[in-house]
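Participant: Mind looking over this structure? Questions follow.
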Amino acid sequence: MTLSASAAKRINAILAKEGGAAFLRVAVEGGGCSGFSYKFDFADAANPDDVVIERDGANVLIDEMSLEFLHGAEIDFSTELIGAAFRINNPNATAGCGCGTSFSV
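Following UniProt numbering, the numbering of the sequence shown begins with 1 at its first residue and continues without gaps.
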C-alpha cells in the first residue's frame, strides 16, 4: 500500500485542521453496492494490529484484515471539475461501482 504525493499533502492539510488526530485510518468493510466498501476515519493512536503507511509526514493506519484487500493499492487524491476526493487505485478489485467507494474481489 502506498500514498501518492497529492494524497499525502491533502492528509497533512486535513489533520492540521482536525487538531488532535494524528492519523487517517483506511479500512475495508463488508457492504456497499459491490460487496466491500472503503471507510475513511481519523485516529489519535495506532492499534497493535495496525500497519502505518507514511509519506511526506502523512500517516495512514490500516488494520491487518483490511490490508489483505489493499495489497499493492495506492491512495490518491484528485481534484476534478465535479469535486475533490480520495481514490484508492486497487489492483485486487475485480469490479467497482460508480460511487468509487465500493468494490468486489
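The C-beta atom is built at its ideal place from N, Cα and C for all residues, glycine as well. These numbers were taken from a predicted model, which means no experiment stands behind them.
Whose C-alpha, out of Leu81, Ala93, Glu74, is nearest the C-alpha of Arg87?
Facilitator: The residue labelled residue 87 in the question sits at position 87 within the sequence shown. Ranking the options by Cα distance to Arg87, first place goes to Glu74.
Participant: Taking the continuous alpha helix (DSSP H) assigned at Ser6, which residues delimit it?
Facilitator: In the sequence shown, counting from the first residue as 1, residue 6 sits at position 6. Residues 5-18.
Participant: Can the beta-carbon of Phe42 be found less than 9 Å from the beta-carbon of Arg25?
Facilitator: What you label residue 42 is simply residue 42 of the sequence shown in a count that begins at 1. What you label residue 25 is simply residue 25 of the sequence shown in a count that begins at 1. Yes, the pair counts as a contact, with Cβ atoms nearer than the cut-off.
Participant: Give the DSSP-derived three-state secondary structure of Leu81 in the structure shown.
Facilitator: As a first step, residue 81 is located in the sequence shown; it is residue number 81 there, counting from the start. Note: Leu81 maps to coil in three-state DSSP.
Participant: Skipping 5 residues on each side, what residues in its chain have a beta carbon closer than 6 Å to that of Phe23?
Facilitator: By one-based count along the sequence shown, residue 23 stands at place 23. Excluding positions up to five away in sequence, the list reads Ala43, Asn59, Leu61.
Participant: In angstroms with no decimal places, state the Cα-to-Cα distance between Val52 and Ala46.
Facilitator: Along the sequence shown, read from residue 1 onward, the residue named residue 52 stands at position 52. Along the sequence shown, read from residue 1 onward, the residue named residue 46 stands at position 46. Distance between the alpha carbons of Val52 and Ala46: 8 Å.
Participant: What is the residue span of the alpha helix (DSSP H) that Met65 lies within?
Facilitator: The residue given as residue 65 occupies position 65 in the sequence shown. Run containing Met65: 64-70, per the alpha helix (DSSP H) assignment.
Participant: To the nearest angstrom, how far is the alpha carbon of Ala5 from that of Lys17?
Facilitator: If you number the sequence shown from 1, residue 5 lands on position 5. If you number the sequence shown from 1, residue 17 lands on position 17. Approximately 19 Å between the Cα atoms of the pair.
Participant: Just curious, the beta strand (DSSP E) that Asp50 is in, first and last residue?
Facilitator: By one-based count along the sequence shown, residue 50 stands at place 50. Looking at the DSSP string, the run of the beta strand (DSSP E) that includes Asp50 is 50-55.
Participant: Mind checking whether Asp76 and Glu64 have CB atoms under 9 Å apart?
Facilitator: Residue 76 sits at position 76 when you count from the first residue of the sequence shown. Residue 64 sits at position 64 when you count from the first residue of the sequence shown. Taking 9 Å as the Cβ cut-off, Asp76 and Glu64 do not qualify as a contacting pair.
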